[in-house]
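Asker: In the numbering used here, the protein residues as written are 163 to 428.
All C-beta atoms in this analysis are idealised placements derived from N, C-alpha and C, irrespective of residue type, glycine included.
All values derive from a computational prediction rather than experimental measurement.
The following block contains the structure, expressed as C-alpha cells.
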Ligand code: ARG
C-alpha cells in the first residue's frame with residue numbers, strides 16, 4: 163500500500179512570484195482551493211487506495227501544500243530539501259521536523275546546495291532522473307546517488323515554465339514514461355531515450371503539458387491527473403491505465419498540480 167505525505171491548503175495563496183505561473187494579481191479562491199484539494203484526497207484514498215499522512219499547515223507558508231518539495235525519502239532515510247528561493251527556505255524546518263518526528267534518519271545536504279526533493283528527483287526502480295538548473299543544482303545528484311545506491315541521470319530543464327522535473331516527467335508503474343520532450347534539451351532527450359525505449363515513451367502534447375498533464379500521481383494502474391487533459395487520458399488508457407481527472411486549477415496559479423501536492427513515502 164503506498165503512503166503519501168500531504169498538507170491541507172489552509173494558508174495557500176500567491177504571496178510572491180518565483181515561477182512564471184505565479185502572479186500575485188491572480189488571487190486564489192480559497193474555498194475552491196480547499197474543495198479541489200479535498201476532492202484530490204478523496205480520489206487518492208477511495209479510488210486509488212493510498213494511505214495519506216497529513217502534516218499541519220503553517221500560517222505564512224503558502225507553498226507548504228506542495229509536499230513533493232519536502233525532500234526525498236527512500237527506505238528509512240529522508241533528505242530534506244534546500245530551496246533555491248528564500249520564500250520557500252522557511253518551509254525547510256517544518257518538513258525536516260515532520261521527517262524527524264516520524265522516525266526517519268535525516269541526511270542533510272550542505273547549505274547552498276539547492277535540491278527541491280521529489281519535485282526534481284523521480285524514476286524507476288532501476289534508475290532515477292534528476293532535474294536541474296531551474297531549482298536543484300546538478301551537484302546534488304552524485305551525493306544522492308551515493309547515499310541511496312541508485313544511478314541518477316541528471317537532465318537539464320530548459321523551459322522556465324517546467325521548472326521542476328515533475329512538471330514534465332512522470333514515470334509510470336509499468337515502466338512507461340509520460341513526459342513533455344520540449345522541456346529538455348537534445349542531450350537530455352537522448353539520455354531519456356537511451357534508458358526508456360520508444361514504445362514506452364508517451365509524449366504529451368504542449369497544450370496539455372501546459373495544463374500540467376505530467377504532474378500526475380501513478381499508483382499501480384491508477385493515474386490521478388489534472389482535469390483538462392483528454393489526449394493524455396487516451397494515451398494512458400491505451401496502455402491499460404485508469405486515469406482519474408481532478409480539477410486543480412487553483413493550484414496551477416502557483417505552478418503546481420496533483421503530483422506536487424503529494425510526496426511518496428515508500
Ligand atoms: N509555487 C511553488 C514553487 O514555485 C510550486 C511548487 C510546485 N511543486 C512541484 N513539485 N512542481 O516552488
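#1: Residue 384 bridges to which residues according to DSSP?
#2: Should residue 303 be counted as a contact of the ligand ARG given a C-beta to heavy atom distance under 6 Å?
#3: Taking the alpha-carbon positions, what's the residue 335 to residue 188 distance?
#4: Are the Cβ atoms of residue 427 and residue 230 separated by less than 7 Å?
#5: Do residue 420 and the ligand ARG come close, with the Cβ less than 6 Å from some heavy atom?
#6: Which residue marks the beginning of the beta strand (DSSP E) containing residue 286, and which one marks its end?
#7: Considering Cα atoms alone, identify which of 387, 292 and 350 is closest to residue 366.
#8: Considering only heavy atoms of the ligand ARG, does any lie closer than 6 Å to the CB of residue 328?
#9: Between the alpha carbons of residue 208 and residue 202, how many angstroms are there, rounded?
#10: Report the start-end ranges of each beta strand (DSSP E) in the stretch 309-352 that is 3 residues or longer and not cut off at the edges.
#11: Whole angstroms is fine: what's the gap from residue 166's alpha carbon to residue 314's?
#12: Please go through the stretch 167-242 and give each complete beta strand (DSSP E) segment of 3 or more residues, from N-terminal end onward.
#13: Counting pairs of beta carbons, one from the stretch 192-200 and one from the stretch 236-252, are three or more of them closer than 8 Å?
#14: When we look at the beta-carbon of residue 341 and count the other beta-carbons within 10 Å, is it buried (16 or more) or exposed?
#15: In the DSSP output, which residue or residues are listed as bridge partners for residue 291?
#16: Flag residue 311 as yes when its Cβ comes closer than 6 Å to any non-hydrogen atom of the ligand COA, and as no otherwise.
#17: Less than 8 Å between the CB atoms is what I'm expecting for residue 113 and residue 339, so what's the real figure, rounded?
#18: Is it the case that the CB of residue 307 approaches a heavy atom of the ligand ARG more closely than 6 Å?
#19: With the cut-off set at 7 Å, would you say residue 381 and residue 210 are in Cβ contact?
Answerer: Here's the rundown:
#1: Mapped onto the chain shown, residue 384 falls at position 222. BP columns for residue 384 point to 381 and 404.
#2: As a first step, residue 303 is located in the chain shown; it is residue number 141 there, counting from the start. At a cut-off of 6 Å, the beta-carbon of residue 303 does not count as near the ligand ARG: no heavy atom of the ligand is closer than that.
#3: For this step, residue 335 is matched to residue 173 along the chain shown. For this step, residue 188 is matched to residue 26 along the chain shown. A straight-line Cα-Cα distance of about 35 Å links residue 335 and residue 188.
#4: Along the chain shown, one-based indexing puts residue 427 at 265. Along the chain shown, one-based indexing puts residue 230 at 68. Pairing residue 427 with residue 230 gives a Cβ-Cβ distance that is not under 7 Å.
#5: Within the chain shown, residue 420 is the residue found at index 258, counting from 1. No - the ligand ARG has no heavy atom lying nearer than 6 Å to the Cβ of residue 420.
#6: The count along the chain shown starts at 1 and reaches residue 286 at position 124. Here the beta strand (DSSP E) through residue 286 covers 283-286.
#7: Position 204 of the chain shown, counted from the start, is the residue given in the question as residue 366. Selection 387, 292 and 350 evaluated against residue 366 yields 387 as nearest (Cα-Cα).
#8: In the chain shown, counting from the first residue as 1, residue 328 sits at position 166. Yes, the ligand ARG has a heavy atom inside 6 Å of this Cβ.
#9: Taking the first residue of the chain shown as position 1, residue 208 is located at position 46. Taking the first residue of the chain shown as position 1, residue 202 is located at position 40. Going by the C-alpha atoms only, they are around 10 Å apart.
#10: List check, beta strand (DSSP E) in window: 314-318, 331-333 and 339-341.
#11: Taking the chain shown and counting its residues from 1, one reaches residue 166 at position 4. Taking the chain shown and counting its residues from 1, one reaches residue 314 at position 152. For residue 166 and residue 314, the distance between alpha carbons rounds to 22 Å.
#12: Qualifying beta strand (DSSP E) stretches, in chain order: 213-216, 233-236 and 239-242.
#13: Judged by Cβ distances under 8 Å, the stretch 192-200 makes no contact with the stretch 236-252, as fewer than three pairs qualify.
#14: Here residue 341 refers to the residue found at position 179 when the chain shown is read from its first residue. Result: buried.
#15: As a position in the chain shown, residue 291 is number 129, starting the count at 1. According to DSSP, which records beta bridges pairwise, residue 291 is partnered with 284 and 315.
#16: The ligand COA is not among the ligands present in this structure, which contains only the ligand ARG.
#17: There is no way to answer for residue 113, as the model of the chain reaches only from 163 to 428.
#18: By one-based count along the chain shown, residue 307 stands at place 145. False, no ligand heavy atom lies under 6 Å from that Cβ.
#19: Within the chain shown, the letter at position 219 stands for residue 381. Within the chain shown, the letter at position 48 stands for residue 210. Going by beta carbons, residue 381 and residue 210 fall inside the 7 Å limit.
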